[in-house]
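Only one structure is covered here, and it is reproduced in the block below.
Numbering (the working numbering), first residue to last: 230 to 309.
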């Protein structure tokens, strides 16, 4: 985990993305963090595998993402 991973978790938490219905798209995350699509895609995949985030409901053809309890706990531990 590095700063970008924590930044992604933080964006999801600040936007109150805690459930499938509240999830946001990759574009929503990209707009906040100003990262490239390929970079974000790789990080999201890693965070999904680790169980820190999960896929939410589709928004059109776009996948959406929300932070899991595991991700929230990790972020809370790091931020204090």
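Just so it is clear, CB atoms sit at the ideal spot from N, CA and C, and this is done for glycine as well.
Let's test the definition: count the other Cβ atoms within 10 Å of the Cβ of residue i and tell me whether it reaches 16, buried, or not, exposed.
i           : result
residue 296 : buried
residue 308 : exposed
What number of angstroms, rounded off, separates the C-alpha of residue i from the C-alpha of residue j?
i           : j           : result
residue 272 : residue 233 : 8 Å
residue 277 : residue 284 : 8 Å
residue 298 : residue 252 : 14 Å
Which residue wins for smallest C-alpha separation from residue i, given the options the options?
i           : options       : result
residue 282 : 263, 293, 308 : 293
residue 300 : 279, 291, 288 : 279
residue 287 : 250, 259, 245 : 250
Ignore the nearest five residues each way along the sequence and tell me which others in residue i's own chain have a CB closer than 8 Å to its CB.
i           : result
residue 268 : 233
- Task: Jot down the residue ranges of each uninterrupted beta strand (DSSP E) in the region 252-297, minimum 3 residues, whole runs only, in chain order.
- Result: 282-284, 293-296
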